[in-house]
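Q:
Numbering (the working numbering), first residue to last: 10 to 248.
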């Protein structure tokens, strides 16, 4: 997958722009895609944004270039690089891109629930949906969305206990690959995402930013389950 969508300043910076910075150089985009297609025996896909800014919307041009250069599919996040993640993603652009190319089009942007994914597919006709920020602290979004697409039934949200056990599992995996000290630092931001929307989430998030070990995170989460009423009114019981 060739990333022509990243808006990060350090990525798009001249004189060697990458990510969304390459959208300003269509001829370079064409050369890159063709070179990658020649070099690998796997399908090559491309992810783009609507353009660099509102005065240079060129996703249809880049889409046709990608198709003509041998890309097997293209993903569109319908915001410009200048927008970052502000405003709303213009899903109508995904529909127009779908009409403009014959390769599969993958929609991206503002998909935070299974309902969002289904609505995007219905409104745009896209072949698939890419979920990014919607998965932060919510890895269940993929299985729940797939089930919703296949059956029309919306699976229940994960319980608080399921959220916490998954967060602990994530830290265990981090420790395996990075060691406990590094894992303790990195898990802090994930903890903030996993507790979003829970009662007293702010206080829990502040405490999570101070954890230094797996045992501290485990104790923090168990303490929360013992003392905090769940949305149903009862106190959750730790596993």
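Note that beta-carbon positions come from the ideal geometry of N, C-alpha and C, so glycine has one too.
#1: Any idea what DSSP makes of residue 13, helix, strand or coil?
#2: Give the straight-line distance between the Cα atoms of residue 91 and residue 127, rounded to the nearest whole angstrom.
#3: Could you say which of 189, 48, 107, 218 lies nearest to residue 76 if we only look at CA atoms?
#4: Can you tell me the Cα-Cα spacing of residue 204 and residue 237, whole angstroms?
#5: Have a look at residue 194 and residue 62 and give me their C-alpha separation to the nearest angstrom.
#6: Is residue 54 helix, strand or coil when you go by DSSP?
#7: If you run the structure through DSSP and keep just helix, strand and coil, what is residue 114?
#8: So if DSSP puts residue 66 in a beta bridge, which residue, or which two residues, is it bridged to?
#9: So, at 6 Å on beta carbons, what are the nonlocal neighbours of residue 246 in its own chain, with the 5 sequence-adjacent residues on each side left out?
#10: Would you say residue 80 and residue 49 are within 7 Å of each other, going by their C-beta atoms?
#11: Considering only residues of the same chain and omitting the five flanking positions on each side of residue 148, which have a CB-CB separation below 8 Å?
#12: Can you name, in chain order, every residue of its own chain whose Cβ lies under 6 Å from the Cβ of residue 167, other than the five neighbours on each side?
#13: In the DSSP assignment, the alpha helix (DSSP H) including residue 179 goes from what residue to what residue?
A: Taking the definition as stated:
#1: On the chain shown, position 4 is the one that residue 13 refers to. If DSSP states are grouped into helix, strand and coil, residue 13 belongs with the strands.
#2: The residue given as residue 91 occupies position 82 in the chain shown. The residue given as residue 127 occupies position 118 in the chain shown. Their backbone Cα atoms lie some 28 Å apart in a straight line.
#3: By one-based count along the chain shown, residue 76 stands at place 67. For residue 76, the closest of 189, 48, 107, 218 by C-alpha to C-alpha distance is 107.
#4: Taking the first residue of the chain shown as 1, we reach residue 204 at position 195. Taking the first residue of the chain shown as 1, we reach residue 237 at position 228. Near 13 Å, if we compare the C-alpha coordinates of residue 237 and residue 204.
#5: Here residue 194 corresponds to residue number 185 of the chain shown, with the count starting at 1. Here residue 62 corresponds to residue number 53 of the chain shown, with the count starting at 1. Taking the straight line joining both Cα atoms gives about 35 Å.
#6: Residue 54 sits at position 45 when you count from the first residue of the chain shown. Looking at residue 54 - three-state DSSP - the assignment turns out to be strand.
#7: Taking the first residue of the chain shown as position 1, residue 114 is located at position 105. In the three-state scheme derived from DSSP, where H, G and I count as helix and E and B as strand, residue 114 is classed as strand.
#8: Counting from 1 along the chain shown, the entry for residue 66 is found at position 57. DSSP output for residue 66 lists 60 as bridge partner(s).
#9: In the chain shown, residue 246 corresponds to position 237, counting from 1. Low confidence applies here, because residue 246 scores a pLDDT of 35, under 50, leaving its location unreliable and the question unanswered by this model.
#10: Taking the chain shown and counting its residues from 1, the one referred to as residue 80 is at position 71. Taking the chain shown and counting its residues from 1, the one referred to as residue 49 is at position 40. Inclusion of residue 80 and residue 49 in the CB contact set at 7 Å is not warranted, their separation being larger than that value.
#11: For the purposes of this step, residue 148 is taken as the residue at position 139 of the chain shown. Excluding sequence neighbours, residue 148 sits near 175.
#12: Translated into the one-based positions of the chain shown, residue 167 becomes position 158. If we look at residue 167 and ignore the five residues flanking it on each side, its Cβ neighbours are 149.
#13: Looking up residue 179 in the chain shown gives position 170. Element bounds for residue 179: 169-187.
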